[in-house]
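Colleague: Residue numbers for the sequence shown, in the UniProt record's numbering: 1 to 257.
Cβ atoms here follow ideal geometry from the backbone N, Cα and C, with glycine treated the same way.
Below you will find the structure I want to go over with you.
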Amino acid sequence: MGRPMTPKVFPGVPADLVEVVERHGRVVAAGDNRAVLADFRPDRIGQLIASPSLPESLTSAELLDLRPEEGGLFAARIRYTAADGGQTVLRSRWIRLPEGWRVTEVRNLPATAPRMTTAGPAEDGSDTPHWEGLRAGEVRVPRCDGCATWIWPYRPICPRCHGFELSWVAVEPTGTVYSWTRTWQPFAPEFSGHLPFVTVLAELPQAGGRRLLGILLDADGVDPLVGEPVRAEIEGAADSGWPVLRWRLDRREVRQG
Numbered sequence: 001m002g003r004p005m006t007p008k009v010f011p012g013v014p015a016d017l018v019e020v021v022e023r024h025g026r027v028v029a030a031g032d033n034r035a036v037l038a039d040f041r042p043d044r045i046g047q048l049i050a051s052p053s054l055p056e057s058l059t060s061a062e063l064l065d066l067r068p069e070e071g072g073l074f075a076a077r078i079r080y081t082a083a084d085g086g087q088t089v090l091r092s093r094w095i096r097l098p099e100g101w102r103v104t105e106v107r108n109l110p111a112t113a114p115r116m117t118t119a120g121p122a123e124d125g126s127d128t129p130h131w132e133g134l135r136a137g138e139v140r141v142p143r144c145d146g147c148a149t150w151i152w153p154y155r156p157i158c159p160r161c162h163g164f165e166l167s168w169v170a171v172e173p174t175g176t177v178y179s180w181t182r183t184w185q186p187f188a189p190e191f192s193g194h195l196p197f198v199t200v201l202a203e204l205p206q207a208g209g210r211r212l213l214g215i216l217l218d219a220d221g222v223d224p225l226v227g228e229p230v231r232a233e234i235e236g237a238a239d240s241g242w243p244v245l246r247w248r249l250d251r252r253e254v255r256q257g
């Protein structure tokens, strides 16, 4: 094994923070939970404990770089090595509080979107055609055969004409941001290692303005704007057996507009 690399410390980083962050990496690798918790921002301990995902047996920690960010924050990337040789990189953000430097955010890198264990059709199978459409690479939304009203979420009867004949139609997988939220809390076990992430409710003009939820890709540090264009991407099936819909900001259209 080669020598540890010298961390890249960017201009503007306080000298005392470098020592604090390197010590933090060592206590994490040593499994010193008391010391790790002491480095966490007091009002976010519950969130920070469950945010990252690390192997149980760590042998070392190596600070890769430390840089200033907006709002008085400093971002550190630390690479942890496990007993089996596997490596995991965490990005922690630090802030100076009256009691000293504290971790205010931590996440695994690269930033990836979580996958809910509930991904897939409803128990009654009513929305199965939507999920089958994703498997075929399409975004399918139900539409009334009688009055052409788009219906989402799925209902067995048209709310406009009360007809029962519906068809699942593939629509252009583009829309605009209707609303969005950034999730910081590990509300489910599968969120560990993926926090924070952004969920977008996108409005589809090609489907009568119906709105579909999806996690935003490449959203680390990004604040979407209401009305911004997004394009759907379909992430292939994993253990759940079903692909899932993701959104990606399509800022090319904004630049060209």
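(1) Can you grab the Cα-Cα spacing for the pair Thr149 / Pro142, in whole Å?
(2) Is it buried or exposed, Ile45, if we count other Cβ atoms within 10 angstroms and call 16 or more buried?
(3) What are the partner residues of Val230, as DSSP defines its beta bridges?
(4) Residues in its own chain within less than 7 Å of Ala170 by CB, not counting five upstream and five downstream?
(5) Out of Ala136, His130, Trp131, Pro159, state which residue places its alpha-carbon closest to the alpha-carbon of Cys144.
(6) Taking DSSP's pairing of strands, which residues face Phe197 in a bridge?
(7) May I have the straight-line CA-CA distance separating Leu73 from Leu213, to the nearest angstrom?
(8) Leaving out five residues before and five after Ser126 in sequence, what residues of the same chain have Cβ atoms less than 8 Å from its Cβ?
(9) Closest to Ala30 by C-alpha separation, out of Lys8, Leu54, Pro42, Arg210, would be which residue?
(10) In three-state terms, what does DSSP make of Ile78?
(11) Are the beta-carbon atoms of Glu217 and Ala113 separated by less than 8 Å?
(12) If you draw a straight line from the alpha carbon of Val9 to that of Leu90, how long is it in whole angstroms?
(13) Looking only at its own chain, which residues have a Cβ that is under 6 Å from the Cβ of Gly12, when we skip the five neighbours before and after it?
(14) Could you pull the start and end residues of the beta strand (DSSP E) that Ala61 belongs to?
(15) Using a Cβ-Cβ cutoff of less than 6 Å, which residues in the same chain neighbour Thr104 once the five nearest sequence positions on both sides are dropped?
(16) Assuming Trp131 is part of the alpha helix (DSSP H), what are its boundary residues?
(17) In the DSSP assignment, the beta strand (DSSP E) including Glu19 goes from what residue to what residue?
(18) In chain order, what residues of the same chain lie with their CB nearer than 7 Å to the CB of Leu225, ignoring the 5 residues before and after it?
(19) I think Leu63 touches Gly25, with their Cβ atoms under 8 Å apart; what is that distance to the nearest whole Å?
(20) If you check the beta carbons only, do residue 258 and Leu195 fall under 8 Å apart?
(21) Taking buried to mean at least 16 other C-beta atoms within 10 Å of its own C-beta, is Arg107 buried or exposed?
(22) Assuming the contact rule is C-beta atoms closer than 8 Å, Ser57 and Ala82 should be a hit. Round their C-beta distance to whole Å, please.
(23) In whole angstroms, give me the CA-to-CA distance for Arg182 and Val21.
(24) Out of Trp152, Thr59, Asn33, Trp184, which has the shortest C-alpha to C-alpha gap to Pro129?
Modeller: According to the data block:
(1) On the sequence shown, position 149 is the one that residue 149 refers to. On the sequence shown, position 142 is the one that residue 142 refers to. For Thr149 and Pro142, the distance between alpha carbons rounds to 9 Å.
(2) As a first step, residue 45 must be located in the sequence shown, where it is residue number 45. Ile45 is exposed by the Cβ-count criterion.
(3) Residue mapping note: residue 230 aligns to position 230 of the sequence shown, counting from 1. Paired residue(s): Gly175, Leu249.
(4) Walking along the sequence shown from the start, residue 170 turns up at place 170. Cβ neighbours of Ala170 beyond the five flanking positions: Gly133, Glu138, Val139, Arg140.
(5) For this step, residue 144 is matched to residue 144 along the sequence shown. It is Pro159.
(6) Position 197 of the sequence shown, counting from 1, holds the residue named residue 197. Per DSSP, Thr183.
(7) Position 73 of the sequence shown, counting from 1, holds the residue named residue 73. Position 213 of the sequence shown, counting from 1, holds the residue named residue 213. Straight-line Cα distance between these residues: approximately 31 Å.
(8) Here the question's residue 126 lines up with position 126 in the sequence shown. So the list reads Tyr154, Pro156, once near-sequence residues are dropped.
(9) By 1-based counting over the sequence shown, the position of residue 30 is 30. The shortest C-alpha separation from Ala30 is found at Leu54.
(10) Position 78 of the sequence shown, counted from the start, is the residue given in the question as residue 78. DSSP places Ile78 in strand when its eight states are reduced to three.
(11) The sequence position of residue 217 within the sequence shown is 217, counting from 1. The sequence position of residue 113 within the sequence shown is 113, counting from 1. Checking the sequence, you will find Leu at residue 217 rather than Glu. Yes, the pair counts as a contact, with Cβ atoms nearer than the cut-off.
(12) Here residue 9 corresponds to residue number 9 of the sequence shown, with the count starting at 1. Here residue 90 corresponds to residue number 90 of the sequence shown, with the count starting at 1. Cα to Cα, Val9 sits roughly 16 Å from Leu90.
(13) Along the sequence shown, read from residue 1 onward, the residue named residue 12 stands at position 12. If we look at Gly12 and ignore the five residues flanking it on each side, its Cβ neighbours are Pro68.
(14) Translated into positions along the sequence shown, residue 61 becomes position 61. Element bounds for Ala61: 58–68.
(15) Mapped onto the sequence shown, residue 104 falls at position 104. Only Arg41, Arg93, Ile95 meet the Cβ criterion.
(16) As a working note, residue 131 is residue 131 in the sequence shown. Start and end: 128–135.
(17) In the sequence shown, residue 19 corresponds to position 19, counting from 1. For Glu19, there is no enclosing beta strand (DSSP E); the enclosing alpha helix (DSSP H) has its first and last residue at 15–30.
(18) For the purposes of this step, residue 225 is taken as the residue at position 225 of the sequence shown. Answer for Leu225: Val177, listed in chain order.
(19) Mapped onto the sequence shown, residue 63 falls at position 63. Mapped onto the sequence shown, residue 25 falls at position 25. With 8 Å as the limit, Leu63 and Gly25 qualify as a contact, their Cβ atoms being about 6 Å apart.
(20) This structure leaves residue 258 out entirely; the chain is present only between 1 and 257.
(21) As a position in the sequence shown, residue 107 is number 107, starting the count at 1. Buried, because 16 or more other Cβ atoms sit within 10 Å of the Cβ of Arg107.
(22) By one-based count along the sequence shown, residue 57 stands at place 57. By one-based count along the sequence shown, residue 82 stands at place 82. Indeed, because the Cβ distance is near 6 Å, the residues count as touching under 8 Å.
(23) Within the sequence shown, numbered from 1, the residue matching residue 182 stands at position 182. Within the sequence shown, numbered from 1, the residue matching residue 21 stands at position 21. Using only the alpha carbons, I get a separation of about 26 Å.
(24) Taking the sequence shown and counting its residues from 1, one reaches residue 129 at position 129. Per the Cα distances, Trp152.
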